[in-house]
Structure formats: structure tokens, C-alpha cells
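Engineer:
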Amino acid sequence: MSRSENVWIVDDDRSIRWVLEKALQQEGMATQSFDSADSVLARLARQQPDVIISDIRMPGLSGLDMLSQIREQYPRLPVIIMTAHSDLDSAVASYQGGAFEYLPKPFDVDDAVSLVKRANQHAQEQQNQQQPANRHHTPEIIGEAPAMQEVFRAIGRLSHSNITVLINGESGTGKELVAHALHRHSPRSASPFIALNMAAIPKDLMESELFGHEKGAFTGAANQRRGRFEQADGGTLFLDEIGDMPADTQTRLLRVLADGEFYRVGGHTPVRVDVRIIAATHQDLETLVQAGKFREDLFHRLNVIRIHIPRLADRREDIPALAEHFLASAAQELSVETKVLKPETKEYLQHLPWPGNVRQLENTCRWITVMASGREVHVDDLPPELLNQQAEAQPAHNWEQALRNWSDQALARGQSNLLDEAVPAFERIMIETALKHTAGRRRDAALLLGWGRNTLTRKIKELGMRVDGSDDDDGDDS
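See below:
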């Protein structure tokens, strides 16, 4: 197997994971380990391995349940199911569920490695025989930041549930994307996903949009119309910006959630539906409840499970990967060459405030794709409004990356003798900072720097620094 091939190991037994990790890595395979099926399904939303080898019985979602969902959504991904030697029913169920092979416990490690190799070879042969229409699976959500990992875990935990979910986050953070992921990884994934933005609908049309209307219900109602609830029957209804829903519509929505039925506008026959509700808002619903602008009972109906989507400024480590994804998407859409961000450009983007969050970054990448003159994107190629913004201060721990970027740029300009410039500048900054912390007392500053006072005095003279402060008693260098 080549280095690029990746095997995922799923078992709640740490010792099993460890044994398989070591054996597969010795064969040059990359591995990732998971202790639950839920975490695997969440990760699959944005990344796919070459082979999965999973235990059958684990806390939470079982290996067979995971296998069923993988077969529906990723039919070409081979899954090996590990099962107890005497568990014949599970072995049969594994094959019936579409497992590539089952591996009885206790197993020989060499057999396990051989089986993984065979599964990967089979998958490659299938891919060569019949290329899918879209070879590049576009991840639903991109994110390595800890805050996004929490979102992925929540999606994984909810993957076998129909429970109501409330998503909150600033505008542009990707709330609808999360709602789509929740639907796709739910038992309702084969049924409709219907989205409706409360803030985009006039108040007098809100109930007709949600519940539909009968012919002649109001002026202009020439025909009967099914509302979004009926369109989403059996699936998921995503109500975006739920905080903007009018009070009278809130009352009707509460009744639907309680009874599972409603009347079309102008109708007299109840319509029964089976719909999962996912709501989202950028507002603080608790504050709206206290202000009397949102029904408390409706809030509690919606707030069964809450998922918070972090703003882009709280997941800066994801900005380079997001930008690369958006640049590739824009290039494909416009049939042009994909732009490539220079390292210093990525660094600059990571320290902008991004009030528009991911949506603003996506629009920026579209602008770059159209307007940047060359393939490589320099800081000067960014939109003017970004160049005029004051980038947020870099975190203190990022000085190494800043130094690395400076070195790259200096070498790119053909500069030499970098240390002759960098070392004195570094020492000057450290001396100035230490003297500031000690109110100019050189002996104390020398201690902070790990020098003797004589060394500090010599360095000050060598660097030509004009330093005001206490030239206290002479002391030996230490």
C-alpha cells in the first residue's frame, strides 16, 4: 500500500486499537483510531479512508448500524467487521449488511493485515472499473479547530436520531450547512430537506409558506398550495432565523410541534405530517423570551439539543483549508485555473477579524479567483477592503511562525546573512522588554534574560542602544 492510503480502526477496546495500529503502520499504512461509531460517521462528513475495520459491539451505535449508514452513503468504502468467534449471527448479519469481510476474534495479526490489503485492492479495482460521476467527494464541513470538532461530535451523536435541534451562531458561520449534515446523517436522509428563512419572508405570507393554503383562501390564491411542512413530510424542515418568526406564527408552530397536524390557510381539514424540525438563529432566544418577543414554551420545544457554531475568528486554524476549498470550488465553477495563496497571504488572512465569518471568506475567494492577476496570490492581491482592515494582533505563541515567514520572504528577495540582521534585532527586543519589566534596573533585567549584569552591559554597547536606567553596583558575570 502507498503512503497516501489510510485505514480507520474502530473499537472501544484500546488494546485492540493499539495492536492493529502497530501492525498496519509497520506495513506502511497510515491509521486513525476511533472508540465509537458515532465519531466515525461525523468524520466521514469531511474525509474518507481507504478501508475501515470496526468492532461489531460498542457503546452507542453498533458496528452493524454504522455499516448500514456507510453502505447507504459511501457504497464503495470497504468495511471489515470484527466479531467474537462464537457470534455466528453477527457474522451473517455483517455479510448481509454489506461488509467486505468479517474478522473473528481472537485473530492473527498477519491475517488482519492481509485482509486490509485485500479490501483496499478490491476498492481500487472497483474504482478503476467504474469511475463515479463525481470523483471528488466535497466535504460537507471543513474544520480541524477544537470548536468544530465539538460540532462534528454532535452530528455523530445525533446520526441515529430524529430529535429536534436548535443551531445558534453568527450570520455566515454555516448553520444551514450543519443542518444539511444533520439531515444527511439521520434516518430521514432519503426524504426531503426543506429550508425556509424566516427573515426573508413577508409577515403576511409566512403562514401560507409554512402551512400552505386552499384555493380562494385569500386574494390571489387561485389554486391549492402545499406548504413547506407538507413538502418536508417524512424528512427535515429547517427553519432558519427562527427568532424573526412573528408571534402569531409562533403559536401555530407550537401547535404543530405538539399535535403533528395543522390546517392550511383557509382550510377545514387537518393535515397530518411527520417532520423533524431543525431551527437556527443568530439571536439570543433567551433574551427574546425575557423581552416577550419569543414564546417561552416554543423555545423549550425547540431547544432540545443545541449546537453552537463558532465564528470564524474563533477557528483561525481552519482558514487556510477553507480558503483552499473555496478557491478550488470557484475555479471549477468559473472554469479557470485554481489560485494558490502564498504563505504570507494565508498568515494575513488568519489574522483578519472576519465579521462576515465563513460566508465572507467564501466571497473573498470568489473575488480573488476573478480579480487576482497571477496564479499565486500575494497579500497585495487581496480585496482593498481587506487591506484597509487592521489585522488583529498575532497571539504571543505565534512568534516562531512570524519569524519563519520573515525568513521565507527575505530569502525569496535574495537576501543573505539573515542571522546578522535577525540576531541583533532579537536581542534588542528582549533587552528592551526585560528593562521595561524591571523599570530599567539592569541587574534584575539580566536575571530575567539569564545573563550576568556585565553581559547585559556589553550587549547594550555592542547594539548601540541608548538605555536609561539604574547602572547599579558592578557585579561579576554569572
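Heads up: the sequence shown at position 355 corresponds to 354 in the working numbering, and the numbers run straight through without jumps. Even for Gly, the Cβ is constructed at its ideal location relative to N, Cα and C. No experiment lies behind these values; they were computed from the predicted model shown.
(1) Is residue 239 helix, strand or coil when you go by DSSP?
(2) Classify residue 68: buried if its beta carbon has 16 or more other beta carbons within 10 angstroms, exposed otherwise.
(3) Report the residue ranges of all alpha helix (DSSP H) runs contained in full by the segment 436 to 472; include only those spanning at least 4 residues, in chain order.
(4) Quick one: using the 10 Å Cβ neighbour count with 16 as the cut-off for buried, is residue 119 buried or exposed?
(5) Under DSSP, the beta strand (DSSP E) around residue 13 begins and ends at which residues?
(6) Taking 7 Å as the threshold (C-beta atoms), are residue 409 and residue 417 in contact?
(7) Can residue 205 and residue 172 be called in contact, C-beta distance under 7 Å?
(8) Rounded to the nearest angstrom, how far is the Cβ of residue 162 from that of residue 308, given a contact under 8 Å?
(9) Please determine, among 55, 312, 350 and 364, the residue with the shortest C-alpha to C-alpha distance to residue 327.
(10) Determine the contact status of residue 62 and residue 35, defining contact as a CB-CB distance below 7 Å.
(11) Straight-line CA distance for residue 16 to residue 100?
(12) Could you tell me whether the segment 187 to 204 touches the segment 229 to 240, using the rule of 3 or more Cβ pairs below 8 Å?
(13) Considering Cα atoms alone, identify which of 175, 159 and 222 is closest to residue 241.
(14) For residue 183, which three-state DSSP category applies?
(15) Report the residue from 378, 431, 77 and 432 whose alpha carbon sits nearest the alpha carbon of residue 339.
(16) Over the uninterrupted beta strand (DSSP E) stretch that includes residue 278, give me the two end residues.
(17) Excluding sequence positions up to five away, which residues of its chain have a Cβ less than 8 Å from the Cβ of residue 135?
(18) Report the partner residues of residue 307 according to the DSSP bridge assignment.
(19) Name the residue from 441, 387, 8 and 197 whose alpha carbon lies nearest to the alpha carbon of residue 40.
(20) Measuring alpha carbon to alpha carbon, tell me which of 231, 448 and 420 ends up nearest residue 431.
(21) As a quick exercise: from 76, 142, 14 and 46, pick the residue whose alpha carbon is nearest that of residue 313.
(22) Is residue 262 helix, strand or coil by DSSP?
(23) To which residues of the same chain is residue 230 closer than 7 Å at the C-beta, ignoring the five residues directly before and after it?
(24) Which residue spans inside the segment 31 to 105 form an unbroken alpha helix (DSSP H) run of at least 4?
(25) DSSP state of residue 285, grouped into three classes?
(26) Taking C-alpha atoms, which residue in 226, 157 and 188 lies nearest to residue 478?
(27) Please state if the CB of residue 311 and the CB of residue 356 are separated by a distance shorter than 7 Å.
(28) Do you know how far the Cα of residue 368 is from the Cα of residue 331?
(29) Between residue 362 and the rest of its own chain, which residues show a CB-CB distance below 8 Å, the 5 nearest in sequence each way excluded?
Structural biologist: Judging by the given coordinates:
(1) Reading the sequence shown from its first residue, position 240 is the one you call residue 239. Looking at residue 239 - three-state DSSP - the assignment turns out to be strand.
(2) As a working mapping, residue 68 is identified with position 69 in the sequence shown. Around the CB of residue 68, 16 or more other CB atoms lie within 10 Å, so the residue is classed as buried.
(3) 441 to 448 and 452 to 461
(4) Within the sequence shown, numbered from 1, the residue matching residue 119 stands at position 120. By the neighbour-count rule (16 or more Cβ atoms within 10 Å), residue 119 is buried.
(5) Within the sequence shown, residue 13 is the residue found at index 14, counting from 1. Not the beta strand (DSSP E): residue 13 falls in the alpha helix (DSSP H), residues 13 to 25.
(6) Here the question's residue 417 lines up with position 418 in the sequence shown. Here the question's residue 409 lines up with position 410 in the sequence shown. Yes, these two residues count as a Cβ contact at 7 Å.
(7) Along the sequence shown, one-based indexing puts residue 205 at 206. Along the sequence shown, one-based indexing puts residue 172 at 173. Cβ atoms of residue 205 and residue 172: not closer than 7 Å.
(8) Counting from 1 along the sequence shown, the entry for residue 162 is found at position 163. Counting from 1 along the sequence shown, the entry for residue 308 is found at position 309. Residue 162 to residue 308, Cβ: 18 Å. No contact.
(9) Walking along the sequence shown from the start, residue 327 turns up at place 328. Closest option to residue 327, Cα to Cα, is 364.
(10) Position 63 of the sequence shown, counted from the first residue, corresponds to residue 62. Position 36 of the sequence shown, counted from the first residue, corresponds to residue 35. It is not a contact, given that the beta carbons lie outside the stated cut-off.
(11) Indexing the sequence shown from 1 puts residue 16 at position 17. Indexing the sequence shown from 1 puts residue 100 at position 101. Going from the Cα of residue 16 to the Cα of residue 100 covers about 18 Å.
(12) yes
(13) Within the sequence shown, numbered from 1, the residue matching residue 241 stands at position 242. Out of 175, 159 and 222, 175 has the C-alpha closest to the C-alpha of residue 241.
(14) Reading the sequence shown from its first residue, position 184 is the one you call residue 183. Of the three classes helix, strand and coil, the one that applies to residue 183 here is helix, per DSSP.
(15) Position 340 of the sequence shown, counting from 1, holds the residue named residue 339. The candidate whose alpha carbon is nearest that of residue 339 is 378.
(16) By one-based count along the sequence shown, residue 278 stands at place 279. Here the beta strand (DSSP E) through residue 278 covers 275 to 280.
(17) Position 136 of the sequence shown, counting from 1, holds the residue named residue 135. Residue placement at residue 135 is poorly supported in this model, since its pLDDT is 33, which falls under 50; the coordinates still yield a value, given next. Hits under 8 Å: none found.
(18) Translated into the one-based positions of the sequence shown, residue 307 becomes position 308. DSSP lists 167 as partners of residue 307.
(19) As a first step, residue 40 must be located in the sequence shown, where it is residue number 41. If we check each option's Cα against that of residue 40, 8 comes out closest.
(20) Taking the sequence shown and counting its residues from 1, the one referred to as residue 431 is at position 432. When only C-alpha atoms are compared, the closest one is 448.
(21) As a first step, residue 313 must be located in the sequence shown, where it is residue number 314. The residue with the shortest Cα to Cα distance from residue 313 is 142.
(22) One-based indexing of the sequence shown puts residue 262 at position 263. The three-state secondary structure of residue 262, taken from DSSP, is coil.
(23) Stepping through the sequence shown from its first residue, residue 230 is reached at position 231. Taken in chain order, the residues that qualify are 191 and 193.
(24) 36 to 43, 62 to 72 and 87 to 95
(25) Counted from its first residue, the sequence shown places residue 285 at position 286. Three-state DSSP puts residue 285 in a helix.
(26) Absent from the structure is residue 478, since the part of the chain shown begins at 0 and ends at 477.
(27) The residue given as residue 356 occupies position 357 in the sequence shown. The residue given as residue 311 occupies position 312 in the sequence shown. One thing to note: residue 356 has its Cβ within 7 Å of the Cβ of residue 311.
(28) For the purposes of this step, residue 331 is taken as residue 332 along the sequence shown, with counting starting at 1. For the purposes of this step, residue 368 is taken as residue 369 along the sequence shown, with counting starting at 1. When rounded, the distance between both Cα atoms is 10 Å.
(29) Position 363 of the sequence shown, counting from 1, holds the residue named residue 362. So the list reads 355, once near-sequence residues are dropped.
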